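Using the UniProt record's numbering, read the sequence shown as starting at 1 and increasing by one per residue. Glycine included, each C-beta is placed from N, C-alpha and C at the ideal position. The structure displayed is predicted, hence computed values, not measured ones. All remarks here apply to the structure that follows.
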Amino acid sequence: MASPDQQQQQQEEEEDFQFVLCEGCRQESPSLKLLTCLHTLCLGCLSENKPVGQCPVCQEAIPQANGIPDVDNVLFASLQARLRVYRRIVGGAKLLCDNCKKEGEYWCSECEEFLCTTCFEAHQRYLKRESHEAKRVKDIRAGALKDFLEGAKRTGSLSCSNPTHKNQTLSIYCKKCEKPVCCICALLDTQHAGQHCDIGAEIQRRQEELAAAGRELARRRGGFEASRAALQEEATRLEAASGETRELIRQRVEQLVRLVRREEDELLGLVERRQEQGRRELAGELRRVEGVLRRMEAGERLVEKMRLYATEQEVMDMQPFVKEALRELQRLQPAAAGGQAQHGDFAECHTKLQALAERVEGRTAPVPMAGTSAPRRDAPSEDDSTPSLSLLPQPPEEMCPGQGGDTSLEQRDEEAEEGLASPRGTRGDTAPLPRTLQASPQEDFGSWARSHAQQATELLRVTSCLLRAHCRSNKHLAALSRGVRSMSRSLGALASTVGTMLQPCCNPPAMPTPPQDPQNLDWPMLPSDLLELFPSGALQGDETTPGPAASAPASEPPASPPRSASPKERSFRSKRGWKPTSSPRKRRKK
């Protein structure tokens, strides 16, 4: 029984020779096939391979129509047979002489037979001169596996291509036929005349040729490994960037008005599509590079094992095919490391979010007074000077109240109150906003959006039209990351702008103030398309609303007679109880 050290050594040797197994099922098989990608598979794996015509390891195409290669891996099949014999010897199995069935004490690797003592003596008498070297089973059991295989390699001999000359010693190689020939063939066959060389020199030349190809393959493998690392890094960057962009869109869209909440799903879906597209592209490129690397590993392994264990006949049989496969690998070029294309560009998401912000901020149109009507516009024209939301960092005074913009809002409120005191309010150009839209902008506007889903849908349709009209070309993902960070601050400015539109606007004071230029007034007003969305029952007010500047100074021109209020305005004023305030100062004191 073998000692623990010997058992561990045998286990390590078995692990070292796992390369002789089928790379598909990891089992021994007598019918191993060598593919053009230099992977070795058994007939069972090739028959069950799906899709047919591709290597199941690296997905390289198989030239044969039936998906079964023509070349047998005679090296691996021969090594499997030798390993089975070695396992029988070291495993303690009962060994019988292949001639007389007595206990086998010797093994001839050339005859591949176990011999008893009697048969061994006869074997040595007749076959020792023919380089048949038989070893004692005890010596083989005490030695290493590599020593056993090395002895079998030395005893391997070439055979003549003529089947009738099997027992002839070969020392000649015909360059024209590219086959080893015996002396009889070289002398009697005229087609070999003048094309002879020493078979040993030819074998040495082929071994050196394979070794040079293996070294070149190892050198070129570094380029493909760098390409694989770059692709893996790009895939990681894609995952991180897509996750960051998706999370940013989710957070910022939540801060916008509920009216544009549905756009979030569209933007997230676009990010998912870009991410999936980039992932597929990277995965395909990565599979291709990994397949090439597996082919290179198989090529290096095969060349090394042929150098270590292949007999001369096996080298002669396999070298042309292996050489052609290695040349095919040498022609492959890896992608330049660091020069990979940017996969999964999210610039379109950036553009759509910018267009959405511009549409929500929009252009503020004056609220029509009684007897007047404002032209309704479905979408702003490119020629109009509509305010746009810039995604650059904003100064502190333009930020939302939560970010330090309280002073700016108070100044705008005071300017709005002063604007109401000017004669402009008496001419019917503008009107103060109802108090119901002044208090608690987030809550009131949110409830308005929920109760008017149909109007919100119409506004979203207009938003979609604007998005399609403002599509931009894709930008580099690095620019997106910088733009997204500035967008986080700009969306705060957007919230401030929407809040300013709904801030309390006081009525003009009882006493008129000096007239101001209407062009210099700056106070928030709802866009006309938003005003049209209010139903008649939502706006309620008094039947009559005295103008805040009814008693104008004598120096001023007489005010035009009050116009009849529209039904929407009368209903809005009657139920909301709108009353003018005394002055901006009183409002601040409160």
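query: Report the three-state DSSP secondary structure of His39 (helix, strand or coil).; result: coil
query: For Arg88, which option in Glu290, Glu113, Ile68 has the closest C-alpha, if you only look at C-alpha atoms?; result: Glu113
query: For Cys197 versus His165, is the C-beta spacing smaller than 9 Å?; result: no
query: Determine the direct distance from the alpha carbon of Ser31 to that of Arg82, and round the result to whole angstroms.; result: 15 Å
query: Using only CA atoms, which one of His39, Ala65, Thr40 lies nearest to Pro51?; result: Ala65
query: Can you tell me whether Leu353 is buried or exposed, with buried defined as 16 or more other CB within 10 angstroms of its CB?; result: buried
query: Note down, in chain order, each residue of its chain lying with its Cβ closer than 8 Å to the Cβ of Leu268, except the 5 sequence neighbours on either side.; result: Arg246, Ile249, Arg250
query: Between which two residues does the beta strand (DSSP E) containing Val181 stretch?; result: 179-182
query: Taking the C-alpha atoms as reference points, what is the distance between Glu290 and Glu60?; result: 11 Å
query: Can you give me the Cβ contacts of Arg205 inside the same chain, cut-off strictly under 7 Å, excluding the 5 residues immediately before and after it?; result: none
query: Put Gln319 into one of helix, strand or coil per three-state DSSP.; result: helix
query: Taking all protein chains shown into account, do 16 or more other C-beta atoms lie within 10 angstroms of the C-beta of Leu96, making it buried, or fewer, making it exposed?; result: exposed
query: Using only the alpha-carbon positions, how far apart do Leu149 and Arg288 sit?; result: 36 Å
query: Could you check the C-alpha separation between Lys176 and Glu209 for me, to the nearest Å?; result: 19 Å
query: When the Cα of Leu79 is compared with those of Lys323, Lys305, Met316, Leu115, which residue comes out closest?; result: Lys305
query: Cutting at 8 Å between CB atoms, please list the residues of its own chain near Ser381, excluding the five before and the five after it.; result: Only weak support is given to the placement of Ser381: the predicted model assigns it a pLDDT of 41, under 50, and the value that follows is read from those uncertain coordinates. Excluding residues within five positions, none has a Cβ falling inside 8 Å.
query: Pull up the DSSP beta-bridge partners for Gln54, would you.; result: Ala61
query: Given Leu326, which residues of its chain have a CB within under 6 Å of its CB, disregarding the five upstream and five downstream residues?; result: Ala213, Gly299
query: Would Gln207 and Val315 be called neighbours here (beta carbons separated by less than 9 Å)?; result: yes
query: Look up Asp98 in the DSSP assignment and give the residues it is bridged to.; result: For Asp98, which the question treats as bridged, DSSP gives no partner whatsoever.
query: Within 10 angstroms of the Cβ of Lys101, are there 16 or more other Cβ atoms? Answer buried if so, exposed if not.; result: exposed
query: Mind checking who Leu115 pairs with in its DSSP beta bridge?; result: Tyr106
query: Please classify Pro63 as buried or exposed, where buried requires at least 16 other C-beta atoms within 10 Å of its C-beta.; result: exposed
query: Run through the DSSP bridge pairs and tell me what Ile249 is partnered with.; result: BP columns for Ile249 are empty, so no partner.
query: Just to confirm my understanding: we take residue 592, look at its own chain, exclude 5 residues before and 5 after, and list those with CB closer than 6 Å. What are they?; result: No information on residue 592 is available, as it lies outside the stretch 1 to 590 that the chain covers here.
query: Just the Cα atoms here: how many angstroms apart are Lys146 and Gly44?; result: 29 Å
query: Relative to the C-alpha of Phe346, which candidate in Glu328, Arg262, Gly243 has its C-alpha closest?; result: Gly243
query: Use the C-beta contact count for Gly24: other C-beta atoms within 10 angstroms, 16 or more gives buried, fewer gives exposed.; result: buried
query: When the Cα atoms are used, what is the spatial distance from Glu13 to Tyr309?; result: 15 Å
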